[in-house]
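Asks:
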DNA sequence: TTCACATTGCTAAATTTTTCACAATTAAAA
DNA sequence: TTTTAATTGTGAAAAATTTAGCAATGTGAA
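Residue numbers (the working numbering), protein chains in the order written: chain A, 1 to 213; chain B, 1 to 213.
(1) Under 8 Å, do residue 125 (chain B) and residue 112 (chain B) count as touching if we go by C-beta distance?
(2) Comparing the C-beta of residue 59 (chain A) with each C-beta of chain B, is any distance below 8 Å?
(3) Looking only at its own chain, which residues have a Cβ that is under 6 Å from the Cβ of residue 100 (chain A), when we skip the five neighbours before and after it?
(4) Measuring only the C-alpha atoms, how far is residue 26 (chain A) from residue 11 (chain A)?
(5) Going along the chain, which residues of the region 85–96 of chain B sit with their C-beta nearer than 9 Å to a C-beta in chain A?
(6) Kindly list, in the order they appear in chain A, the residues whose Cβ is closer than 7 Å to that of residue 121 (chain B).
(7) Of all the options A:190, A:194, A:19, which has the alpha carbon lying nearest to the alpha carbon of residue 67 (chain A)?
(8) Output yes if chain B places a C-beta closer than 8 Å to the C-beta of residue 143 (chain A); else output no.
(9) Span of the alpha helix (DSSP H) holding residue 212 (chain A)?
(10) What whole-angstrom Cβ distance do residue 192 (chain B) and residue 197 (chain A) have, given they're in contact under 8 Å?
(11) Determine whether the Cβ of residue 186 (chain A) lies closer than 8 Å to any Cβ atom of chain B.
(12) Any contact of the region 29–39 of chain B with the region 58–72 of chain B, i.e. 3+ C-beta pairs under 8 Å?
(13) Compare the C-alpha of residue 166 (chain A) against each of A:178, A:75, A:150, A:83 and name the closest.
(14) Given this structure, state the Cα-to-Cα distance separating residue 109 (chain A) from residue 17 (chain A), to the nearest angstrom.
(15) How many angstroms separate the CA atom of residue 204 (chain A) from the CA atom of residue 86 (chain B)?
(16) Is it buried or exposed, residue 93 (chain B), if we count other Cβ atoms within 10 angstroms and call 16 or more buried?
(17) List the residues of chain B whose Cβ lies closer than 7 Å to the Cβ of residue 172 (chain A), in chain order.
(18) When you compare only the Cα positions, how much space is there between residue 162 (chain A) and residue 98 (chain A)?
(19) Using a 10 Å radius around the Cβ and a threshold of 16 neighbouring Cβ atoms, would you call residue 58 (chain B) buried or exposed?
(20) Can you give me the Cβ contacts of residue 74 (chain B) inside the same chain, cut-off strictly under 7 Å, excluding the 5 residues immediately before and after it?
(21) Which first and last residues belong to the alpha helix (DSSP H) in which residue 47 (chain B) is found?
(22) On a CA-only basis, which of A:171, A:179, A:82, A:178 is nearest residue 141 (chain A)? Give me that one, please.
(23) Could you tell me which uninterrupted beta strand (DSSP E) segments, each at least 3 residues in length, are contained entirely in the region 73–128 of chain A, listed from first to last along the chain?
(24) Got a sec: is the Cβ-Cβ distance from residue 124 (chain A) to anything in chain B below 8 Å?
(25) Taking the alpha carbon of residue 164 (chain A) as the reference point, which residue from A:139, A:188, A:180, A:144 has its own alpha carbon closest?
(26) Please list the terminal residues of the continuous alpha helix (DSSP H) segment that includes residue 161 (chain A).
(27) Along the alpha helix (DSSP H) that carries residue 12 (chain B), what are the first and last residues, could you check?
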């Protein structure tokens, strides 16, 4: 299902709604109100309703939204029906953390390969994900039709890795190194830097603290 | 230095500007143009100039911005002059990754303690950060005036950990678990979920792919 | 010294995102 | 059956964020 021009932020929240709903799933509770979802995610109920409106989902006026239906619909919108395969490049602490976070998280995304240069790691399997040498990256990506790459190598290596991934035909990249990358426009790039998050927390914690003093 | 009502997004970008500038720092290059910063971070030059305007920094009309001066000014705005101390709770792969990311990243933020329940980890030092048992958390946080907590425990534990941290007097929290938390308004909470990032990449990669097909 | 021109700084406009406000609706209670 | 009360859905307003457009300026070249 394709809905044209879904706002960036809405896409992000849809993923969060689904995650939160999957966590609250139970036999007794089949429906959820907008204000319940809102409370879980620290946003407003209107925003939830607006997002659901954008994806054309209607709730029941007195019972709220059908949890199972909603989860399914979000899947139809944000997941690719064929599924998408993911590779993690760099199997250090972060790479391993990502893989174990992912374990058991159903979803149409599956991490099916990891790459590293450390011989101790190569040809071993981590949480169900086999690790290969980086030299094999292009081949394995092409063979397995992997379309998404997660970069968790040391930042000095990041640009070269990114280039190789792009040449291997990757369609989306998630860069966890602090090194800003450059990719062609047909590759979607998302960068996340922990330091920035932490500095943001530090800044607003400080500000908050002054305000509540 | 305090500038009232600095936009949320600007704070985030200031941190990124600093990081990017620290990476380009060299003897030969003392100045940088707005379009150079912009290119590194995939944003527009106008946006860079606007942000710098908000913090009251003036560049040189033909040479651009003085890199050293700018780094220093950003520090004056987003850092706390006394510095802020940080604790990592949960020393699994993610906790270790965070600590090692942080190593050597100067800055007024310092990770000075880690907490876990695994006896093998307790009383050991990881990348310069000592690990204590979670039972000691409140004491150590108070003694060392730690104001920021990073939560990297399994998501089931997160709410309890958050509560303890809040009671210990923490001012800001960075939650890496997919479990949404609740904290009082005087605590700044930032949540980051890798799965959401990855799903976003997947969604826009798919969309991009259709567009460029 | 004068000129050319790339860049900054900034106002105003545009766009995106969030919130308000309230009519419509319907499940459950009376 | 009627009433009540809580919730949805949404147009319109507000707020936040980004971008356009351009005058002003200062550097280096002529």
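C-beta: ideal position from N, C-alpha, C; glycine also.
Remember, predicted model here, so these are calculated numbers, not experimental data.
Replies: Taking the coordinates as given:
(1) Numbered from its first residue, the second chain carries residue 125 (chain B) at position 125. Numbered from its first residue, the second chain carries residue 112 (chain B) at position 112. Pairing residue 125 (chain B) with residue 112 (chain B) gives a Cβ-Cβ distance that is not under 8 Å.
(2) Start at 1 with the first residue of the first chain, and residue 59 (chain A) comes out as number 59. The beta carbon of residue 59 (chain A) does not come within 8 Å of any beta carbon belonging to chain B, so the residue lies off that interface.
(3) The count along the first chain starts at 1 and reaches residue 100 (chain A) at position 100. Correct list, in chain order: 127.
(4) Position 26 of the first chain, counted from the first residue, corresponds to residue 26 (chain A). Position 11 of the first chain, counted from the first residue, corresponds to residue 11 (chain A). Taking the straight line from one Cα to the other gives about 25 Å.
(5) Of all residues in the region 85–96 of chain B, only 86, 92, 93, 94, 95, 96 place a beta-carbon less than 9 Å from a beta-carbon of chain A.
(6) Walking along the second chain from the start, residue 121 (chain B) turns up at place 121. In chain order: nothing, as chain A lies at least about 13 Å away.
(7) Here the question's residue 67 (chain A) lines up with position 67 in the first chain. Distance from the Cα of residue 67 (chain A) is smallest, within the candidate group A:190, A:194, A:19, for A:19.
(8) Working through the first chain from its first residue, we reach residue 143 (chain A) at position 143. At a cut-off of 8 Å between C-beta atoms, residue 143 (chain A) does not count as an interface residue with respect to chain B.
(9) Walking along the first chain from the start, residue 212 (chain A) turns up at place 212. Unbroken alpha helix (DSSP H) run through residue 212 (chain A): 194–212.
(10) Working through the second chain from its first residue, we reach residue 192 (chain B) at position 192. Working through the first chain from its first residue, we reach residue 197 (chain A) at position 197. Right, the Cβ-Cβ distance comes to about 6 Å (below 8 Å), so this counts as a contact.
(11) In the first chain, the residue the question calls residue 186 (chain A) occupies position 186. Closer than 8 Å to some Cβ of chain B, the Cβ of residue 186 (chain A) qualifies, so yes.
(12) Contact between the region 29–39 of chain B and the region 58–72 of chain B is present, because at least three Cβ pairs lie under 8 Å.
(13) Locating residue 166 (chain A) in the first chain gives position 166, counting from the first residue. Checked all of A:178, A:75, A:150, A:83; the closest Cα to residue 166 (chain A) is A:150.
(14) Within the first chain, numbered from 1, the residue matching residue 109 (chain A) stands at position 109. Within the first chain, numbered from 1, the residue matching residue 17 (chain A) stands at position 17. If I take the Cα positions, the gap works out to 17 Å.
(15) The residue labelled residue 204 (chain A) in the question sits at position 204 within the first chain. The residue labelled residue 86 (chain B) in the question sits at position 86 within the second chain. If I take the Cα positions, the gap works out to 14 Å.
(16) Within the second chain, the letter at position 93 stands for residue 93 (chain B). Burial call: buried.
(17) Taking the first chain and counting its residues from 1, the one referred to as residue 172 (chain A) is at position 172. Proximity of chain B to residue 172 (chain A) at the Cβ level (cut-off 7 Å) is accounted for by 201, 202, 204, 205, in chain order.
(18) Position 162 of the first chain holds residue 162 (chain A). Position 98 of the first chain holds residue 98 (chain A). The straight-line gap separating the alpha-carbon atoms of residue 162 (chain A) and residue 98 (chain A) is approximately 18 Å.
(19) Taking the first residue of the second chain as position 1, residue 58 (chain B) is located at position 58. Its Cβ having fewer than 16 others within 10 Å, residue 58 (chain B) is exposed.
(20) Sequence index remark: in the second chain, residue 74 (chain B) carries index 74 (1-based). Its chain contains 14, 17, 18 as the residues whose beta carbon lies nearer than 7 Å to that of residue 74 (chain B), once the 5 sequence neighbours on both sides are disregarded; these appear in chain order.
(21) As a position in the second chain, residue 47 (chain B) is number 47, starting the count at 1. Its alpha helix (DSSP H) spans residues 45–54.
(22) Translated into the one-based positions of the first chain, residue 141 (chain A) becomes position 141. Ranking A:171, A:179, A:82, A:178 by Cα distance to residue 141 (chain A) puts A:171 first.
(23) Complete beta strand (DSSP E) runs here, min 3: 84–89, 109–116.
(24) Here the question's residue 124 (chain A) lines up with position 124 in the first chain. Not closer than 8 Å to any Cβ of chain B, the Cβ of residue 124 (chain A) fails to qualify, so no.
(25) As a position in the first chain, residue 164 (chain A) is number 164, starting the count at 1. That would be A:139, whose Cα lies nearest to the Cα of residue 164 (chain A).
(26) For the purposes of this step, residue 161 (chain A) is identified with residue 161 of the first chain, where counting begins at 1. Counting along the chain, the alpha helix (DSSP H) containing residue 161 (chain A) begins and ends at 158–167.
(27) The count along the second chain starts at 1 and reaches residue 12 (chain B) at position 12. Residue 12 (chain B): member of the alpha helix (DSSP H) spanning 8–24, first to last residue.
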